[in-house]
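Report on the structure given below.
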Amino acid sequence: MVIQLARAESPPLYRQSRSDDCQLQNQEAMKYDFHSHSTFSDGTLTPTQLLQRAADKRVDVLALTDHDNTDGLAEARMVAKENGVQLVNGVEVSASWRKRLLHIVGLGIDPENADLASGLAQVQCARLERAQRMGKDLERHGVEGAYEGAQEYCQEGLLSRTHFARFLIDRGYAKDMKQVFKRYLVNGKPGYVSTEWAALEDAVSWIKGAGGVAVIAHPARYKLTLTKMKEMLADFVDCGGEGIEVIGSGHNDDDIRLTAALATDYGLLASVGSDFHDPENGRRELGHVAALPEQCKPIWQHNALALQGAH
Ligand SMILES: [Zn+2]
Ligand SMILES: [Zn+2]
Numbered sequence: 024m025v026i027q028l029a030r031a032e033s034p035p036l037y038r039q040s041r042s043d044d045c046q047l048q049n050q051e052a053m054k055y056d057f058h059s060h061s062t063f064s065d066g067t068l069t070p071t072q073l074l075q076r077a078a079d080k081r082v083d084v085l086a087l088t089d090h091d092n093t094d095g096l097a098e099a100r101m102v103a104k105e106n107g108v109q110l111v112n113g114v115e116v117s118a119s120w121r122k123r124l125l126h127i128v129g130l131g132i133d134p135e136n137a138d139l140a141s142g143l144a145q146v147q148c149a150r151l152e153r154a155q156r157m158g159k160d161l162e163r164h165g166v167e168g169a170y171e172g173a174q175e176y177c178q179e180g181l182l183s184r185t186h187f188a189r190f191l192i193d194r195g196y197a198k199d200m201k202q203v204f205k206r207y208l209v210n211g212k213p214g215y216v217s218t219e220w221a222a223l224e225d226a227v228s229w230i231k232g233a234g235g236v237a238v239i240a241h242p243a244r245y246k247l248t249l250t251k252m253k254e255m256l257a258d259f260v261d262c263g264g265e266g267i268e269v270i271g272s273g274h275n276d277d278d279i280r281l282t283a284a285l286a287t288d289y290g291l292l293a294s295v296g297s298d299f300h301d302p303e304n305g306r307r308e309l310g311h312v313a314a315l316p317e318q319c320k321p322i323w324q325h326n327a328l329a330l331q332g333a334h
C-alpha cells in the first residue's frame, strides 16, 4: 500500500466553486455535517439553538455528537423537523488506544441501547474523576477554585477540558484557547491528568451494538506518525470500525488528501464534520465543510444512516 501525496501540484480542496476543478465531485445537493456539540457536552448552544443555527447555515443533515453523552438528542429531535433539518443520532466516545486519547464518533445509534448507555456511564465516571483531579492539580500550581469555576461554564453536560479552558481564559491565565492548550491542561503542564477512557474495541462495539457506525474523528489532530496512524486504523478496522472523518476539524488540504487515501486503503467510508462547539469560533462553523475528494465513499451511504433518513 503506497500513499502518494502530491503536495505542490494539487489544487486546494476548499476552492469548491470552480467548475474546472476536476478533483472534486460536483457539489452535492445536500449539505451534511456529522459532528457537532451542544450544552450537553462542551458546546455553548442548547440543542434547540444548535438546530436553529443548522437551519440558518442551510445544513440538511446534522449529527449531534456530544462527548460521551446522548442526553441532548431528545431535545434535538423535538425541534429538528420544525427547522427542516434531518437529525442523525450521534455521540463522540472518548477512547484509549495505546495510552492515547482517540475520539470515536458513533452515527445512527439508538441512544436507548442498554450496553451503549452503561458504557457511556462508565466513561462519564472517568470524566468526572478526571475533572476533580484536574482541579486539584491546577490548585497545586496556584490556580484556585478551578473545579468549581469550570462547573460554572458547564450547563448540563460533563466537565471537559474546554470548560476549564474557558475558566482559565476568563480569569486571565491565558488569552485564548490556543494559549491555554500550550500552557495548561496538556501533558507536562498544570492541570493535565492521564485518564483511562473506554478501550477502543469497547467504544466501537457499543456503537455497533446500538445499530450505529463507528467513525474515527479528526484523525489529523492526534499527531500520529504515518506508521502509527496505519496501525491505529488497522486496529480500528479489526474491531469493526467503518468510517473516518476525511473532512474534519483542523484538517488542511494535505490532511484531507492523506486521510482520503487512507480511507480508500482501509476500506473506510468518508465522513464530514465541522466539530462545531461555539458560534464564536468561526473556523468550526456548522456546515462549513469542504467537499469530499472524488475517490471517497461517503458515510451517508451507510445503512445505519439511511435507516434514519426520515425526519
Ligand atoms: Zn468538544
Ligand atoms: Zn473530538
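Every position in the sequence shown, counted from 1, becomes a number in my numbering once 23 is added. Even for Gly, the Cβ is constructed at its ideal location relative to N, Cα and C.
Rounded C-beta distance between residue i and residue j? I'm assuming under 8 angstroms.
| i | j | result |
| --- | --- | --- |
| Ala240 | Val146 | Not quite, the Cβ-Cβ distance comes to about 15 angstroms (not below 8 angstroms), so this is no contact. |
| Ile322 | Ile230 | Actually they do not touch by this definition, with Cβ atoms about 13 angstroms apart. |
| Gly310 | Ala78 | About 10 angstroms separates the two Cβ atoms, so there is no contact after all. |
| Gly66 | His300 | 5 angstroms |
| Leu223 | Leu125 | 7 angstroms |
| Ala86 | Gly113 | 4 angstroms |
| Ser64 | Leu191 | The pair is not a contact, with the Cβ atoms about 18 angstroms apart (cut-off 8 angstroms). |
Using only the alpha-carbon positions, how far apart do residue i and residue j sit?
| i | j | result |
| --- | --- | --- |
| Lys201 | Thr88 | 23 angstroms |
| Gly168 | Glu162 | 7 angstroms |
| Lys320 | Asn275 | 20 angstroms |
| Leu130 | Gln155 | 30 angstroms |
| Gly271 | Asp298 | 7 angstroms |
| Leu315 | Lys159 | 44 angstroms |
| Arg287 | Ala237 | Per the sequence shown, residue 287 should be read as Thr rather than Arg. When rounded, the distance between both Cα atoms is 16 angstroms. |
| Leu281 | Glu105 | 39 angstroms |
| Glu32 | Tyr245 | Caution applies to Glu32, whose pLDDT of 40 falls short of 50 and renders its modelled position unreliable; the value that the coordinates give is listed next. Answer to the nearest angstrom: the Cα atoms are 26 angstroms apart. |
| Leu208 | Glu175 | 18 angstroms |
| Ile267 | Arg306 | 20 angstroms |
| Tyr289 | Val260 | 8 angstroms |
| Thr185 | Asp83 | 28 angstroms |
| Ser183 | Gln72 | 21 angstroms |
| Asp277 | Thr250 | 17 angstroms |
| His60 | Gly95 | 9 angstroms |
| Ala233 | Glu135 | 8 angstroms |
| Thr69 | Gly165 | 33 angstroms |
| Tyr225 | Asp193 | A small correction: the amino acid at residue 225 is Asp; Tyr does not occupy that position in the sequence shown. So the two alpha carbons sit approximately 37 angstroms from each other. |
| Gly235 | Gly264 | 10 angstroms |
| Ala284 | Asp91 | 29 angstroms |
| Lys205 | Ser119 | 22 angstroms |
| Ile258 | Gln318 | The displayed chain sequence assigns Asp, not Ile, to residue 258. So the two alpha carbons sit approximately 23 angstroms from each other. |
| Ala99 | Arg189 | 25 angstroms |
| Arg123 | Leu247 | 10 angstroms |
| Ile279 | Val203 | 27 angstroms |
When you compare the CB positions of residue i and residue j, do they come within less than 8 angstroms of one another, or not?
| i | j | result |
| --- | --- | --- |
| Ala149 | Thr93 | no |
| Leu328 | Val108 | no |
| Val227 | Cys262 | yes |
| Arg121 | Val216 | no |
| Gly211 | Ala243 | no |
| Leu74 | Ala103 | yes |
| Phe187 | Ala197 | no |
| Glu303 | Lys80 | no |
| Tyr116 | Ala221 | It should be noted that the sequence gives Val, not Tyr, for residue 116. Going by C-beta atoms, Val116 is nearer than 8 angstroms to Ala221. |
| Thr62 | Glu179 | yes |
| Gly214 | Met157 | yes |
Would residue i pass as an interface residue toward chain C - the criterion being a Cβ-Cβ separation below 8 angstroms?
| i | result |
| --- | --- |
| His241 | No chain C appears in the structure shown, which is made up of a single protein chain. |
| Taking one C-beta from the stretch 249-256 and one from the stretch 136-143 each time, how about it: are there three or more such pairs within less than 8 angstroms? | The stretch 249-256 vs the stretch 136-143: no contact.
| Closer than 5 angstroms: residues whose CB approaches a heavy atom of ligand 2 | His126 and Ala240
| said: Within 8 angstroms, do at least three Cβ pairs link the stretch 287-298 to the stretch 54-63? | reply: yes
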